[in-house]
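Trainee: Dropping a structure here in structure tokens format, bear with me for questions.
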Amino acid sequence: MKNQNDDDIILNWQNVSYSARSSFGTKKIPILHNINIQLNKSTTLALIGSNGAGKTTTLLLGAGVLRPTCGSVFLYNTPVSDIPVKKRLGFLAEIQHSYKNLKLNEWLSMLGQLSGIEKKTLTKRIDILIDLLELKTLYKRGLKTFSKGQLQRASLAQAILHDPDVLILDEPMSGLDSYWRYHFTSFLKYFKSKGGSIIFSSHVLTDIEEIADYVAFIEKGTIKWKADVSDFAKFIHHSNIRKDFKRLESVTV
1 MKNQNDDDII LNWQNVSYSA RSSFGTKKIP ILHNINIQLN KSTTLALIGS
51 NGAGKTTTLL LGAGVLRPTC GSVFLYNTPV SDIPVKKRLG FLAEIQHSYK
101 NLKLNEWLSM LGQLSGIEKK TLTKRIDILI DLLELKTLYK RGLKTFSKGQ
151 LQRASLAQAI LHDPDVLILD EPMSGLDSYW RYHFTSFLKY FKSKGGSIIF
201 SSHVLTDIEE IADYVAFIEK GTIKWKADVS DFAKFIHHSN IRKDFKRLES
251 VTV
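Right, dumping it as structure tokens:
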């Protein structure tokens, strides 16, 4: 993997460990162990690993949704828990069940107001995103009536509503058909070309090879290796990993 310039590091997991309480709350269960990842300006990092490896937890820590048990996550050299700097992040994850009673227009307006977007600017940005993501027919429908693919498009709308510098995306292509997979991929490339940085989790090999600059492999809560995507592509073409990815795709799609 090529050396990355420290001056270009935007989002940085430094010696991050995380433990969660058990179901009965009597003890803590280690989830992540000494994670060190750096996301540079205008780059895309793919986080790969099996279910339960720690991908989602790593992304939640990067978004400031969770706090590390040990270590720190920094955005622009400031703790990601700091509210002003946190506003520079866009996070795509599964929409919380409690929000699904809202209509799409209500949800986007609420999130825009919480982000401190001025009313006129918010209205303009929502209009643009509704057109961009072809959500006009869904605009006044309840989120609970949306399909998986429609929810993914709505989630992307909220992730970029406040014009962030960094996107943290948990399985962004999940539930998308080929049309929207192509458009999501095109948008992410455009976002990066404008100086944006992206970290995303995926098990879809073609998405990783097409979008990512770097790949980090996590197993049992530990980063096992990091590589340029070109080196990763060469490696998987001469190993059994490609077969494993295909098995995963066949199970989850």
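Following UniProt numbering, the numbering of the sequence shown begins with 1 at its first residue and continues without gaps. We put the beta carbon where it would ideally sit given N, CA and C, even for glycine.
Can you tell me which residues form a DSSP beta bridge with Glu219?
Mentor: Your numbering for residue 219 matches position 219 in the sequence shown. Paired residue(s): Thr222.
Trainee: Under 8 Å between the Cβ atoms of Ile10 and Leu39?
Mentor: Here the question's residue 10 lines up with position 10 in the sequence shown. Here the question's residue 39 lines up with position 39 in the sequence shown. Contact flag set, yes.
Trainee: Kindly say whether Gly62, judged by its beta-carbon, lies nearer than 8 Å to any beta-carbon of chain B.
Mentor: Among the chains of the structure shown, chain B does not appear; only one protein chain is present.
Trainee: I need the straight-line Cα distance from Ile160 to Ile199, nearest angstrom please.
Mentor: Counting from 1 along the sequence shown, the entry for residue 160 is found at position 160. Counting from 1 along the sequence shown, the entry for residue 199 is found at position 199. The straight-line gap from Cα to Cα measures roughly 14 Å.
Trainee: Looking only at its chain, what residues have a beta carbon closer than 7 Å to the beta carbon of Val85, apart from the 5 residues adjacent to it on each side?
Mentor: For the purposes of this step, residue 85 is taken as residue 85 along the sequence shown, with counting starting at 1. Answer for Val85: Leu75, Tyr76 and Thr78, listed in chain order.
Trainee: Can you name the residues that DSSP bridges to Lys103?
Mentor: Numbered from its first residue, the sequence shown carries residue 103 at position 103. Paired residue(s): Gly142.
Trainee: Output yes or no for whether 8 Å exceeds the beta carbon distance between Gly71 and Val16.
Mentor: As a working note, residue 71 is residue 71 in the sequence shown. As a working note, residue 16 is residue 16 in the sequence shown. Yes. Within cutoff.
Trainee: Within 10 Å of its beta-carbon, does Trp225 have 16 or more other beta-carbons around it, so buried, or fewer, so exposed?
Mentor: One-based indexing of the sequence shown puts residue 225 at position 225. So Trp225 ends up on the exposed side.
Trainee: So, for Val65: in the same chain, excluding its five sequence neighbours on each side, which residues have a beta-carbon less than 6 Å away from its beta-carbon?
Mentor: In the sequence shown, counting from the first residue as 1, residue 65 sits at position 65. Within the same chain, Val65 has no close Cβ partners at all.
Trainee: Which same chain residues end up closer than 8 Å to Lys189 when comparing Cβ atoms and leaving out the 5 residues on each side of it in sequence?
Mentor: Mapped onto the sequence shown, residue 189 falls at position 189. Only Ile211 meet the Cβ criterion.
Trainee: Under DSSP, the alpha helix (DSSP H) around Phe16 begins and ends at which residues?
Mentor: Here residue 16 refers to the residue found at position 16 when the sequence shown is read from its first residue. Looking at the sequence shown, residue 16 is not Phe but Val. No alpha helix (DSSP H) contains Val16, which is instead part of the beta strand (DSSP E) from Ile9 to Arg21.
Trainee: Quick one: what's Ile128 bridged to in DSSP?
Mentor: The residue you call residue 128 lines up with position 128 of the sequence shown. In DSSP, Ile128 forms no bridge with anything.
Trainee: Measuring CB atoms only, is the segment 163 to 177 touching the segment 89 to 108, in the sense that at least three cross pairs come out at less than 8 Å?
Mentor: yes
Trainee: Can you tell me the Cα-Cα spacing of Ser42 and Thr26, whole angstroms?
Mentor: In the sequence shown, counting from the first residue as 1, residue 42 sits at position 42. In the sequence shown, counting from the first residue as 1, residue 26 sits at position 26. For Ser42 and Thr26, the distance between alpha carbons rounds to 43 Å.
Trainee: If contacts are defined as beta-carbon pairs under 8 Å, then Asp170 and Leu59 qualify, I think. What distance do you get, rounded to the angstrom?
Mentor: Within the sequence shown, numbered from 1, the residue matching residue 170 stands at position 170. Within the sequence shown, numbered from 1, the residue matching residue 59 stands at position 59. With 8 Å as the limit, Asp170 and Leu59 qualify as a contact, their Cβ atoms being about 5 Å apart.
Trainee: Cβ atoms of Ala157 and Leu122: under 8 Å apart, would you say?
Mentor: Position 122 of the sequence shown, counted from the first residue, corresponds to residue 122. Position 157 of the sequence shown, counted from the first residue, corresponds to residue 157. In this structure, Leu122 sits away from Ala157, with a CB-CB distance that is not shorter than 8 Å.
Trainee: Less than 7 Å between C-beta atoms, sequence neighbours within five positions excluded: which residues of the same chain meet that for Glu209?
Mentor: Here the question's residue 209 lines up with position 209 in the sequence shown. Contacts found: Val229 and Ala233.
Trainee: List, from N- to C-terminal side, the beta strand (DSSP E) runs of 3 residues or more that fit wholly inside the segment 48 to 76.
Mentor: The qualifying runs are 70 to 75.
Trainee: Need the endpoints of the alpha helix (DSSP H) that Val85 sits in, please.
Mentor: On the sequence shown, position 85 is the one that residue 85 refers to. Run containing Val85: Ile83 to Lys86, per the alpha helix (DSSP H) assignment.
Trainee: Pro30: buried (16+ other C-beta within 10 angstroms of its C-beta) or exposed?
Mentor: Within the sequence shown, numbered from 1, the residue matching residue 30 stands at position 30. Exposed is the call here.
Trainee: Of the residues Asp177, Ile37 and Asn101, which one's Cα is nearest the Cα of Val73?
Mentor: Mapped onto the sequence shown, residue 73 falls at position 73. For the residues Asp177, Ile37 and Asn101, the minimum Cα distance to Val73 belongs to Ile37.
Trainee: What's the gap between the Cα of residue 260 and the Cα of Asp231?
Mentor: Outside the displayed span of the chain (1 to 253) sits residue 260, for which this structure offers no information.
Trainee: Output the distance between the C-alpha atoms of Gly196 and Ile83, rounded to the nearest integer angstrom.
Mentor: For the purposes of this step, residue 196 is taken as the residue at position 196 of the sequence shown. For the purposes of this step, residue 83 is taken as the residue at position 83 of the sequence shown. If I take the Cα positions, the gap works out to 20 Å.
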